[in-house]
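Residue numbers (this note's numbering): -2 to 225.
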């Protein structure tokens, strides 16, 4: 079969990623989608999630024909790290450092991650995969042992570094903490030879969008998020 797919558990749902080559047929794509649908039949509350680039009309039409519907838009943003980086300050006196997950494990980080994303924790496997990439690092701002904000970075190649999983726990929001952490991370990435920083953000997350634009990110692409 010339079509392959992967299902990744994301909270209560499954993320569907499909790949095929030039010999793949329409019927093969339908077959893998049908197989994915079977995987969630025994869990009525579970949903399938997938992403389609906004320019790929044929792919979008295919998923819609299979019963998927658009729920949001995921924006891809990039920052030019060759431009000067302003060091931002925070109203909270926090310590900025790299999280030593090899020594501490991920339990403390996952607790903060869940709080920072309002109860919707990033999948542990996804986090492990990210920090297993070249230069994979979790950066945190903490106070008295509590993780208050974080961003995960890794080398994507060609001078591009990911700056993903950006969050601030509720009690520390609107204090400039995420901006202060990111500004320090930018300098660290530049020292590693990074030319650009890249992240993804939901189109309806206005506070995050405003923060990233303030820090010099620009929208370069977008994907539809679909559910079934």
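Note that the Cβ used here is the ideal one computed from N, Cα and C, for glycine as well.
Only a predicted model underlies this, so the values are computations on that prediction, with no experimental measurement involved.
**Asked** What is the C-beta distance between residue 48 and residue 71, in whole angstroms, given that I count them as a contact (C-beta under 8 Å)?
**Response** 6 Å
**Asked** By DSSP, does residue 196 sit in helix, in strand, or in coil?
**Response** strand
**Item:** Other residues of its chain near residue 165: CB distance less than 7 Å, five sequence neighbours each side excluded
**Value:** 113, 145, 146, 174 and 175
**Request:** Out of 29, 177 and 205, point me to the one whose CA is closest to residue 238's CA.
**Result:** Residue numbering for the chain in the displayed model covers -2 to 225; residue 238 lies beyond these limits and cannot be assessed.
**Request:** Provide the residue span of the beta strand (DSSP E) that contains residue 116, from first to last.
**Result:** It is not in any beta strand (DSSP E) - residue 116 carries neither H nor E in the DSSP assignment.
**Request:** Could you tell me whether the Cβ atoms of residue 8 and residue 220 are closer together than 8 Å?
**Result:** no
**Exposure label - residue 210; buried when at least 16 CB within 10 Å** = exposed
**Asked** DSSP puts residue 99 in a beta bridge; with which residues?
**Response** According to DSSP, residue 99 bridges with nothing at all.
**Whole-angstrom distance between residue 179 and residue 90, CA atom to CA atom** = 15 Å
**Prompt:** Cβ of residue 174 versus every heavy atom of the ligand COA: is any distance shorter than 7 Å?
**Reply:** Because no ligand of any kind appears in the structure shown, any question about the ligand COA cannot be addressed here.
**Item:** Alpha carbon of residue 216 to alpha carbon of residue 117, nearest angstrom
**Value:** 25 Å
**Host beta strand (DSSP E) of residue 219 (start-end)** = 214 to 224
**Environment of residue 195 [buried if 16+ CB atoms lie within 10 Å]** = buried
**Prompt:** Taking the alpha-carbon positions, what's the residue 43 to residue 79 distance?
**Reply:** 43 Å
**Classification of residue 162 by the beta-carbon crowding that lies within 10 angstroms, buried from 16 upward** = buried
**Message:** In the DSSP output, which residue or residues are listed as bridge partners for residue 85?
**Reply:** Bridge partners of residue 85: none, in fact.
**Asked** Using the beta-carbon count (16 or more within 10 Å), is residue 110 buried or exposed?
**Response** buried
**Message:** Going by DSSP in three states, residue 27 sits in which element: helix, strand or coil?
**Reply:** helix
**Item:** CA-to-CA distance, residue 100 to residue 66, given in whole angstroms
**Value:** 43 Å
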